[in-house]
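> My questions all concern the structure below.
Protein chains in written order, with the UniProt record's numbering: chain S, 1 to 220; chain C, 1 to 998.
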């Protein structure tokens with residue numbers, strides 16, 4: 001339940017993912033009031049050795065990132081290890097079965113097929129990352145939170161609908177945070193700067209295109 | 001439509017639409033929202049006339065409720081119609097909403113359709129069609145991304161969603177085939193969304209490549225995103241993008257280079273890695289931090305794909321460690337870590353050149369004052385901390401100099417880091433792992449273990465989970481220290497969180513040793529009673545492993561197994577309870593106790609499958625011990641069980657609905673066995689068996705019929721047929737268990753056993769086939785169970801525990817008889833190829849009179865004939881000279897031979913053992929092996945004690961069947977194992993001097 005612009009709405013879709021007003025820029029703002037329960041499970045992602053032998057199990061990396069809603073709808077997927085389309089849907093199905101059923105106070109890790117999946121729930125969304133079993137689970141939780149904070153800053157109290165209608169932007173942001181399953185940038189500001197710069201590049205290109213077509217249409 | 005969507009768009013979309021020009025927060029929206037007339041997706045061609053008149057108003061966004069000519073027109077049109085209620089639409093009285101939907105449709109659907117509708121004149125029907133079309137597909141290719149998402153979200157069923165997606169995909173496909181450039185980016189964006197829903201989108205892959213090849217940044221941005229989402233590294237299309245990537249990597253625009261690096265890092269294949277490695281290497285040296293960090297991560301991917309390229313990246317990677325920018329540092333440290341993984345040279349190089357710098361870096365960052373940009377929970381850049389610690393672990397592993405060098409800084413991090421927030425704990429966790437991984441001093445290790453102890457008592461489940469995880473690694477380093485936390489760990493096994501339970505159980509398993517096994521097992525078994533159903537499987541398996549591995553006394557093992565069976569008998573694996581049966585059979589003094597305990601356990605836990613099976617087997621074997629209270633231990637409470645109680649149990653198992661075929665078959669055999677041991681109940685057992693002659697399960701029916709005829713017509717052999725099983729060979733079973741768990745070689749190899757291997761296993765002269773017996777007995781329906789051919793004579797013996805010592809009373813042709821019986825009783829299992837001819841030959845050999853009998857009853861008739869076969873004369877037996885088969889300074893073995901003329905290939909060998917030494921031999925066992933073409937059968941020896949100095953002898957009879965009689969001579973290898981003054985001795989030899997003609 002979220003109080004939003006004077007209305008009380010029970011729609012989880014609208015509940016802001018991070019609910020709390022930031023009192024200072026460097027403080028954690030997950031807070032209060034909202035259902036930020038953390039449930040993390042880690043899923044161990046399937047280590048089908050025969051099938052995906054090329055996947056290097058020794059390298060510590062994030063194999064994939066998935067955002068699923070409480071209803072099991074996929075909101076974002078990013079695969080850093082090769083999974084075929086079929087495997088992807090199997091993985092998502094299995095993981096949502098595992099994660100969505102976990103109670104609110106359990107730990108945020110689920111072991112799944114020789115991998116671990118670290119998950120954390122923000123409002124109605126579960127952020128899941130699949131890692132190798134000997135990777136640092138606590139750090140992955142921090143990375144998830146890092147990602148959410150950047151999303152929050154970009155969208156201005158981000159909610160699930162932001163991620164549905166602007167999914168491409170969520171991907172752009174993720175691409176500034178992770179490459180090849182490794183963390184790229186630990187500064188939220190730096191990410192925000194890069195995204196803003198690229199957005200304005202698009203903006204400029206758009207305007208130019210508009211004015212050129214105007215000129216053409218006028219000249220005709 | 002979803003109210004949440006409306007609200008959302010009131011809040012955000014409006015904003016984006018209204019302040020289009022100035023809004024910089026939503027730049028992409030402009031690309032995805034049409035600001036000029038949307039094209040029809042109809043195939044090109046002259047548009048029908050009315051289309052033009054509507055085209056001019058078409059660009060109005062549907063959400064803006066402006067009065068437009070078209071709006072009026074539609075409203076009028078709707079108003080002039082009688083009320084209709086097309087399915088899937090709001091009630092037609094709600095004109096406003098219908099009008100709105102219609103406007104939507106006009107805005108997006110092909111005008112031609114509308115035009116033709118209008119011209120058709122049949123307005124009512126036309127509108128109905130339109131409405132149906134709208135319900136199916138409110139939007140088509142002209143729609144904006146946002147509208148498509150909304151339409152998909154508005155679908156109430158999966159079928160509706162599929163329909164919408166199908167239409168969208170069709171529109172996109174036709175746009176692709178028209179080579180539509182204006183909306184390519186929007187189509188790809190739509191495809192990405194559709195892809196996320198799990199629909200196939202391969203047809204859009206080439207469009208991504210076209211976008212990437214375009215010159216503008218916006219096109220490239222969408223194109224690369226589509227490339228990463230819609231393709232993966234195994235698709236060949238990807239090769240086509242290599243050139244574009246190469247060009248983009250050489251551009252001067254840092255954002256385009258960034259996009260290309262990002263795509264390369266996320267999906268590059270080995271070939272691309274090779275092709276583009278030089279560009280990435282060059283970019284590692286540029287000045288821009290954004291490009292540098294991306295290039296570094298890209299290099300990680302390249303090295304993972306092609307480890308040979310590692311050395312090229314070594315010196316640029318090392319130079320990255322001197323950077324100030326945290327993003328570059330993080331990427332650089334990760335690159336170095338990955339370099340260490342693939343190449344030892346790299347770790348040596350980095351050890352030499354970078355250790356010092358790394359330590360300084362870690363010290364700086366952990367001592368650094370508050371830095372708002374990187375601060376998380378009061379710690380500056382925990383991500384960098386963790387990566388530095390990880391690289392130090394790679395460098396310190398197995399290198400005492402480096403380990404010593406980083407000792408201090410690790411101690412500082414371990415003792416100074418705050419542990420009240422997740423970020424701090426993440427650093428501590430990594431630090432502990434590093435300390436465990438390097439050659440740390442003992443003081444540092446103590447520090448690390450203490451941190452884990454603190455973690456373990458933390459209330460946060462995440463922290464406890466990682467503590468358990470790390471303690472598993474610590475066991476190898478310092479198991480004493482971990483043992484101290486045993487109680488806490490045991491508590492974690494009972495946690496409500498499945499992940500923690502699983503970790504803790506693994507850890508407990510590592511902690512078990514000889515001294516603590518009893519209390520730990522007791523704890524675990526107690527918990528088994530109350531644990532979750534879905535955890536019982538894991539828990540049972542682990543308890544069984546522990547009990548089997550650490551049991552010091554048989555009684556304890558049997559007790560624990562009974563407890564596990566009665567609590568988690570549904571989860572016990574087959575090999576575990578098979579092993580239990582073998583163990584019971586090898587413990588004569590505990591058999592009575594076992595069968596009574598099982599009987600008691602059965603009364604309370606009869607729903608546990610494996611408990612039922614073990615009980616059934618034991619009652620069948622040791623039923624009289626149950627009734628007569630044989631071998632009562634002091635700890636047992638006296639109990640009275642009557643014979644009919646025992647039969648009750650078996651009958652219950654046999655008739656219960658929940659029993660499976662295997663259990664029922666076992667019950668049936670057990671009943672047969674009891675029928676001869678409990679004469680008073682034999683009538684009742686006969687009735688039970690008779691009932692099952694009509695069973696629908698083929699296996700049961702067949703056995704019931706066979707057993708029934710044994711009871712009715714063969715009372716004379718029944719008692720020997722159902723003797724107790726001989727003691728099962730424990731070591732052979734364990735050996736088999738390990739080998740079968742190692743590889744699936746059983747099926748292939750043991751179906752053609754070398755007779756050497758099998759016969760050598762016979763201890764004490766009792767023919768015990770090595771591997772198969774238990775399986776044969778218990779897996780009645782398993783038709784893939786191989787029966788070693790050399791032991792096929794013993795199959796009956798195996799199956800029913802017949803004592804061959806009695807068989808001579810039924811005649812001098814025991815082997816022929818058992819062959820037939822074997823076939824009689826093993827019909828459910830595949831008949832070995834080589835037994836078929838043998839049966840025929842024995843038919844001809846000694847039961848010719850029965851040949852004309854109908855085949856169905858042939859087997860029975862053969863059995864009828866058995867006793868008379870016994871009287872077949874053997875007077876014409878040719879005489880062969882006796883030989884001294886083996887002689888050493890301590891032992892002499894003499895063979896004498898007899899042969900029946902009608903069976904020239906079968907020889908009976910009477911073996912006499914003489915002790916030539918002055919010491920008595922005890923536990924004397926004779927073993928023999930023969931070539932594959934010979935079958936060997938050993939009868940029990942007369943004794944296993946051999947008195948000294950030739951004062952006593954042991955005799956034993958062997959039956960040898962030479963399948964290549966007349967072509968190949970007999971040969972035999974022998975081995976004698978015995979004890980002299982309790983010292984094990986063995987001798988072996990080969991016998992080649994058999995008289996010719998055997």
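Here a beta-carbon is modelled for each residue, glycine too, at the ideal position from N, C-alpha and C.
For residue 598 of chain C versus residue 618 of chain C, is the C-beta distance shorter than 7 Å?
Their beta carbons are under 7 Å apart, which means residue 598 of chain C touches residue 618 of chain C by this criterion.
> Can you check whether the CB of residue 346 of chain C is closer than 7 Å to the CB of residue 309 of chain C?
Contact: no.
> Starting from the Cα of residue 386 of chain C, find the closest Cα among C/414, C/369, C/398 and give me that residue.
Of the candidates C/414, C/369, C/398, the one whose C-alpha sits nearest the C-alpha of residue 386 of chain C is C/414.
> Could you give the DSSP three-state label for residue 910 of chain C: helix, strand or coil?
DSSP places residue 910 of chain C in strand when its eight states are reduced to three.
> Are any of the Cβ atoms in chain S nearer than 7 Å to that of residue 324 of chain C?
Output row for residue 324 of chain C: interface = no.
> Give me the Cα-Cα distance between residue 67 of chain S and residue 349 of chain C, rounded to the nearest whole angstrom.
Answer to the nearest angstrom: the Cα atoms are 41 Å apart.
> Can residue 964 of chain C and residue 975 of chain C be called in contact, C-beta distance under 7 Å?
Not closer than 7 Å, so no.
> Can you pull the DSSP bridge partners for residue 212 of chain C?
In the DSSP output, where bridge partners are listed per residue, residue 212 of chain C has none listed.
> Please decide whether residue 240 of chain S counts as near chain C, where near means a Cβ-Cβ distance under 7 Å.
Nothing can be reported for residue 240 of chain S: it is not among the residues displayed for chain S, which extend from 1 to 220.
> Alpha carbon to alpha carbon, how far is residue 161 of chain C from residue 155 of chain C?
If you take the alpha carbons of residue 161 of chain C and residue 155 of chain C, they lie about 5 Å apart.
> Could you give the distance in angstroms between the alpha-carbon of residue 947 of chain C and the alpha-carbon of residue 984 of chain C?
Roughly 16 Å between the two C-alpha positions.
> Please give the ranges of any beta strand (DSSP E) in the region 916-964 of chain C, keeping only runs that are unbroken, at least 3 residues long and fully inside the region.
Runs found: 921-929, 934-938, 953-962.
> So, is the C-beta of residue 394 of chain C closer than 7 Å to a C-beta in chain S?
No, because no Cβ of chain S sits closer than 7 Å to the Cβ of residue 394 of chain C.
> Do you know offhand how far residue 662 of chain C's Cα is from residue 724 of chain C's?
Rounded to the nearest angstrom, the two C-alpha atoms are 20 Å apart.
> Residues of the region 151-165 of chain S with a CB closer than 7 Å to any CB of chain C: list them in chain order, please.
Within the region 151-165 of chain S, the residues whose Cβ lies closer than 7 Å to some Cβ of chain C are 161, 164, 165, listed in chain order.
> Name the residue from C/194, C/712, C/202, C/231 whose alpha carbon lies nearest to the alpha carbon of residue 81 of chain S.
The shortest Cα separation from residue 81 of chain S among C/194, C/712, C/202, C/231 belongs to C/231.
> Can you check whether the CB of residue 392 of chain C is closer than 7 Å to the CB of residue 434 of chain C?
Yes, these two residues count as a Cβ contact at 7 Å.
> In chain S, which residues lie with their C-beta within 8 Å of the C-beta of residue 293 of chain C?
Here the neighbours are 184, 185.
> Inspect the beta-carbon positions of residue 354 of chain C and residue 321 of chain C and report whether they are closer than 7 Å.
Closer than 7 Å, so yes.
> Please report the distance separating the alpha-carbon of residue 222 of chain C from that of residue 337 of chain C.
Distance between the alpha carbons of residue 222 of chain C and residue 337 of chain C is about 32 Å.
> Helix, strand or coil for residue 676 of chain C per DSSP?
Correct three-state label for residue 676 of chain C: helix.
> How do the region 457-477 of chain C and the region 164-181 of chain S stand: do at least 3 beta-carbon pairs fall below 8 Å, yes or no?
Result no; under three Cβ-Cβ pairs closer than 8 Å.
> Measure the Cβ-Cβ separation of residue 561 of chain C and residue 591 of chain C and say whether it is below 7 Å.
No. Outside cutoff.
> What does DSSP give as the partner residue(s) for residue 976 of chain C in the beta ladder?
Looking at the DSSP assignment, residue 976 of chain C forms a beta bridge with C/926, C/987.
> Give a yes or no on whether 7 Å exceeds the smallest Cβ distance from residue 169 of chain C to chain S.
By this cut-off, residue 169 of chain C is not an interface position.
> Please report how far the alpha carbon of residue 595 of chain C lies from the alpha carbon of residue 623 of chain C, in whole angstroms.
Answer to the nearest angstrom: the Cα atoms are 7 Å apart.
> Hey, how far is the Cα of residue 233 of chain S from the Cα of residue 90 of chain S?
No information on residue 233 of chain S is available, as it lies outside the stretch 1 to 220 that chain S covers here.
> For residue 287 of chain C, which residues in the same chain have their Cβ closer than 8 Å to its Cβ, ignoring the five residues on either side in sequence?
Cβ within range, chain order: n/a, list empty.
> Any C-beta of chain S within less than 8 Å: which residues of the region 178-209 of chain C qualify?
Within the region 178-209 of chain C, the residues whose Cβ lies closer than 8 Å to some Cβ of chain S are 189, 192, 193, 196, 197, 198, 200, listed in chain order.
> List the whole-angstrom C-beta distance separating residue 993 of chain C from residue 909 of chain C, where the pair is believed to meet the contact cut-off of C-beta under 8 Å.
That belief does not hold up - the Cβ atoms of residue 993 of chain C and residue 909 of chain C are roughly 13 Å apart, past 8 Å.
> I need the boundaries of the beta strand (DSSP E) containing residue 120 of chain S, first residue and last residue.
Its beta strand (DSSP E) spans residues 115-122.
> Would you mind telling me which residues of chain C sit closer than 9 Å to residue 194 of chain S, beta carbon to beta carbon, in chain order?
Chain C residues near residue 194 of chain S: 255, 258, 290.
> Alpha carbon to alpha carbon, what distance is there between residue 115 of chain S and residue 709 of chain C?
Whole-angstrom Cα-Cα distance: 58 Å.
> Could you check the C-alpha separation between residue 675 of chain C and residue 685 of chain C for me, to the nearest Å?
Residue 675 of chain C and residue 685 of chain C: Cα-Cα distance of roughly 6 Å.
> For residue 228 of chain C, count neighbouring C-beta atoms within 10 Å of its own C-beta (all shown protein chains included) and say buried if the count is 16 or more, exposed if not.
Buried: at least 16 other Cβ atoms inside 10 Å.
> Quick check on residue 307 of chain C - is its C-beta less than 7 Å from some C-beta in chain S?
Chain S contact via Cβ: absent.
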